[in-house]
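**Q** Numbering-wise (the UniProt record's numbering), the sequence shown opens with residue 1 and increments by one. Just so it is clear, CB atoms sit at the ideal spot from N, CA and C, and this is done for glycine as well. Computed from a prediction, not measured in an experiment: that's the story for all the values here.
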Amino acid sequence: MGEVKKLVEGKVKYIGLSEASPSTIRRAHAVHPVTAVQLEWSMWSRDVDPTCRFHDYLDKITYFEPASNIKNLAVGIGIVAYSPLGRGFFSSGAKLVEAFSEGDHRKNLPRFQPDNLEHNKSVFERVNGMANRKGCTPSQLALAWLHHQGNDVCPIPGTTKFANLNENIGALSVKLTEEDMTELEAIASAVKGD
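Here is the structure:
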């Protein structure tokens, strides 16, 4: 991190980390302020849980606390949320598995295994139902859920088609009430497979 600090003094303006533990973030931040941390975060993968995010200072984070504790620190570390559509699940539901190529690593993830996938179909159906009520797509609803986690959260869906880009941008118009967020938390907590 000391060498990275030298870069900041020269040409680099900000430092970000990816998949860093709270202890790593604390050590790095002691050398130079960390601007953002990239983590997997979606309704499908909720390791950055809002109930675990209320720490005021980096020195209160311990190694044994979940990585989610980096959220909402007084130091202003932003979250760059990758796989915000649950590795494609909230764009296609269980039918996504049919499109997996032979080498697609998602085939090995527990949430896509037959027993869990059968259960998780109902999760997608509930998200889809709520999306219909809100006048949006399941993808937009999943992204809106992240947008409503705070203005320091930036989801980065892996978008390869212009139509999907436009759909994802549409998520910015989806407004969620406190009741909507509570409903989505209940839906998301039903996901099976770590």
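Report the residue from R133, P110, K95, M181 whose alpha carbon sits nearest the alpha carbon of K121.
**A** Position 121 of the sequence shown, counted from the first residue, corresponds to residue 121. Nearest C-alpha to K121: K95.
**Q** Would you kindly work out how many angstroms separate the C-alpha atoms of L184 and N132, rounded to a whole number?
**A** In the sequence shown, counting from the first residue as 1, residue 184 sits at position 184. In the sequence shown, counting from the first residue as 1, residue 132 sits at position 132. Distance between the alpha carbons of L184 and N132 is about 14 Å.
**Q** I need the straight-line Cα distance from W156 to T24, nearest angstrom please.
**A** For this step, residue 156 is matched to residue 156 along the sequence shown. For this step, residue 24 is matched to residue 24 along the sequence shown. Reading the sequence as shown, one finds Ile at residue 156 and not Trp. Whole-angstrom Cα-Cα distance: 23 Å.
**Q** Taking DSSP's pairing of strands, which residues face V37 in a bridge?
**A** Against the sequence shown, residue 37 aligns to sequence position 37. Its beta-bridge partners are L17, I79.
**Q** Output the boundary residues of the alpha helix (DSSP H) element that contains P138.
**A** Start at 1 with the first residue of the sequence shown, and residue 138 comes out as number 138. Looking at the DSSP string, the run of the alpha helix (DSSP H) that includes P138 is 138 to 147.
**Q** Helix, strand or coil for E183? Go by DSSP, reduced to three states.
**A** In the sequence shown, the residue the question calls residue 183 occupies position 183. The answer is helix: DSSP assigns E183 an H, G or I state.
**Q** Among L109, I79, Y14, M43, which one has its Cα closest to the Cα of S139?
**A** Along the sequence shown, one-based indexing puts residue 139 at 139. Residue M43 is the option with its Cα nearest to S139.
**Q** For S45, does the count of other Cβ atoms within 10 angstroms reach 16, so buried, or fall short, so exposed?
**A** Numbered from its first residue, the sequence shown carries residue 45 at position 45. Buried, since its Cβ has 16 or more Cβ neighbours within 10 Å.
**Q** So, is I169 buried or exposed, given that buried needs 16 or more other C-beta atoms within 10 angstroms?
**A** Position 169 of the sequence shown, counted from the start, is the residue given in the question as residue 169. It is exposed - the Cβ of I169 has fewer than 16 other Cβ atoms within 10 Å.
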